[in-house]
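**Student:** First the structure, then my questions, so here it is.
Residue numbers (our numbering), protein chains in the order written: chain A, 1 to 81; chain B, 82 to 329.
Laid out in structure tokens, this is it:
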């Protein structure tokens, strides 16, 4: 265990809690994106660069975008009703 | 259920989970000292299959069947989202167009410039990660999602209309299907050129060369094409629904 491991683990713990505590779905998607980035750092620190690369794109970019697009669609449908 | 009992129940469950995880982690071998079987697999892959990246050696050779299943799952998932989201297409397309162009114009110039500048390097990085899967960390899945993120960057730079003019839906559909088919064909070729499906039948070459490790880089590229197509297809369908045909 080095300082990097401890910092990465602490960031993941804080980020995960923040995702659970964020109530607004839009804000939650953005917080989850930052949480995904901290997870990628954790994987990198624990010598799993393969997982870290896919984690960066999937959890930091692709999933938040899908959530935001779905929310946009839902809101627009609600406005029209 | 009111808030207080719910909090107590959640904390109890979390404490139990933490205890179980701590118990499980205490039984692991110390960090950085692989156990017997893991050591043997690393030795087989580097010395026999000439794959410097043992992770992809496991993914595309020793456990190639698992990867075949995984990429078919992704293929079916992309297909499912396309079938679901394409329903209702072609309605009110024209009247939405003016709104889209205004939306594109609102994108800040800095974002447009940065996005446009980053697309090229991102695509190069994605291709590099796909073709060097057997040599360095990365491979088909990782490189594929990086390439699909390139498409997303084109959208973020405000080029929705450019994206629509290119109409990448047909292209990403073909990429998705071609990648999935290529993997299955290489898997079946093991039966023809060797003794079993997914057997590594190509020459292994020299460890560290781009053309080495037999079928491992071939399968990695197949998965790269398939993942690019699948993720890009899901994103394109979502973008279509939300932005171009959002009115309905």
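Even for Gly, the Cβ is constructed at its ideal location relative to N, Cα and C.
Check the Cβ-Cβ distances between residue 68 (chain B) and every residue of chain A, and say whether any is below 8 Å.
**Tutor:** Residue 68 (chain B) falls outside the range modelled here, since chain B spans only 82 to 329, and no answer is possible.
**Student:** Using the three-state DSSP reduction, which class does residue 182 (chain B) fall into: helix, strand or coil?
**Tutor:** In this prediction, residue 182 (chain B) scores a pLDDT of 49, lower than 50, which makes its location untrustworthy; no coordinate-derived value is stated.
**Student:** Can you give the Cα-Cα distance for residue 163 (chain B) and residue 236 (chain B), rounded to whole angstroms?
**Tutor:** If you take the alpha carbons of residue 163 (chain B) and residue 236 (chain B), they lie about 19 Å apart.
**Student:** Is residue 128 (chain B) helix, strand or coil by DSSP?
**Tutor:** In this structure, residue 128 (chain B) counts as helix in the three-state DSSP scheme.
**Student:** Starting from residue 113 (chain B), trace the alpha helix (DSSP H) both ways and give me its first and last residue.
**Tutor:** First-last for residue 113 (chain B): undefined, no H or E at that position.
**Student:** CA-CA distance, residue 155 (chain B) and residue 282 (chain B)?
**Tutor:** Distance between the alpha carbons of residue 155 (chain B) and residue 282 (chain B) is about 26 Å.
**Student:** Starting from residue 47 (chain A), trace the alpha helix (DSSP H) in both directions and tell me its first and last residue.
**Tutor:** It is not in any alpha helix (DSSP H) - residue 47 (chain A) carries neither H nor E in the DSSP assignment.
**Student:** Contact check, residue 85 (chain A) vs residue 20 (chain A) under 8 Å by CB: the rounded distance?
**Tutor:** Here chain A has residues from 1 to 81 only, and residue 85 (chain A) is not among them.
**Student:** So that I know if they touch, is there some Cβ in chain B lying closer than 8 Å to that of residue 17 (chain A)?
**Tutor:** Cβ-Cβ to chain B under 8 Å: no for residue 17 (chain A).
**Student:** For the stretch 22-46 of chain A, which residues have a CB atom closer than 7 Å to at least one CB atom of chain B, in sequence order?
**Tutor:** The stretch 22-46 of chain A vs chain B, Cβ under 7 Å: nothing.
**Student:** What number of angstroms, rounded off, separates the C-alpha of residue 138 (chain B) from the C-alpha of residue 132 (chain B)?
**Tutor:** Answer to the nearest angstrom: the Cα atoms are 6 Å apart.
**Student:** What residues of chain A sit near residue 210 (chain B), judged by a beta carbon separation below 9 Å?
**Tutor:** Within 9 Å Cβ-Cβ: 53.
**Student:** Would residue 218 (chain B) pass as a contact of residue 134 (chain B) if the rule is Cβ separation under 8 Å?
**Tutor:** Contact flag set, yes.
**Student:** DSSP three-state call for residue 75 (chain A): helix, strand or coil?
**Tutor:** Helix, per DSSP.
**Student:** State the DSSP-derived secondary structure class of residue 287 (chain B), mapped to helix, strand or coil.
**Tutor:** Note: residue 287 (chain B) maps to coil in three-state DSSP.
**Student:** Does the distance from the CB of residue 238 (chain B) to the CB of residue 196 (chain B) come in under 8 Å?
**Tutor:** Contact: yes.
**Student:** Assess contact between the stretch 101-114 of chain B and the stretch 266-278 of chain B, defined as three or more Cβ pairs (one per stretch) separated by less than 8 Å. Is contact present?
**Tutor:** Not touching, per the Cβ criterion.
**Student:** How many angstroms separate the CA atom of residue 315 (chain B) from the CA atom of residue 62 (chain A)?
**Tutor:** The straight-line gap from Cα to Cα measures roughly 10 Å.
**Student:** Using a 10 Å radius around the Cβ and a threshold of 16 neighbouring Cβ atoms, would you call residue 182 (chain B) buried or exposed?
**Tutor:** Confidence at residue 182 (chain B) is low in this model, with a pLDDT of 49, below 50, so the placement of that residue should be treated as unreliable; the coordinate-derived value is given next. Result: exposed.
**Student:** Could you check which residue in A:53, A:35, A:64, A:24 has the C-alpha nearest to that of residue 8 (chain A)?
**Tutor:** When only C-alpha atoms are compared, the closest one is A:35.
**Student:** Relative to chain A, which residues along the stretch 109-136 of chain B have a C-beta separation below 7 Å, given in chain order?
**Tutor:** Taking 7 Å as the Cβ-Cβ cut-off against chain A, the residues of the stretch 109-136 of chain B that qualify are 136.
**Student:** Okay, do the stretch 257-264 of chain B and the stretch 88-100 of chain B touch, 3+ Cβ pairs below 8 Å being the bar?
**Tutor:** Because the criterion of three Cβ pairs below 8 Å is not met, the stretch 257-264 of chain B and the stretch 88-100 of chain B do not touch.
**Student:** Got a sec, what are the start and stop residues for the alpha helix (DSSP H) residue 16 (chain A) sits in?
**Tutor:** Run containing residue 16 (chain A): 3-21, per the alpha helix (DSSP H) assignment.
**Student:** Would you check if the stretch 301-311 of chain B and the stretch 210-227 of chain B touch, i.e. whether three or more CB-CB distances between them fall below 8 Å?
**Tutor:** Cβ pair count under 8 Å is three or more, so yes.
**Student:** Kindly list, in the order they appear in chain A, the residues whose Cβ is closer than 9 Å to that of residue 312 (chain B).
**Tutor:** Those are 57, 58, 62, listed as they occur along chain A.
**Student:** Are the CB atoms of residue 158 (chain B) and residue 257 (chain B) within a distance shorter than 8 Å?
**Tutor:** Not closer than 8 Å, so no.
**Student:** Just to confirm my understanding: we take residue 322 (chain B), look at its own chain, exclude 5 residues before and 5 after, and list those with CB closer than 7 Å. What are they?
**Tutor:** These residues qualify, in order along the chain: 166.
**Student:** I need the DSSP call for residue 218 (chain B), collapsed to helix, strand or coil.
**Tutor:** Residue 218 (chain B) falls in the coil class under three-state DSSP.
**Student:** From the beta carbon of residue 6 (chain A), is the nearest beta carbon of chain B less than 8 Å away?
**Tutor:** Closer than 8 Å: no.
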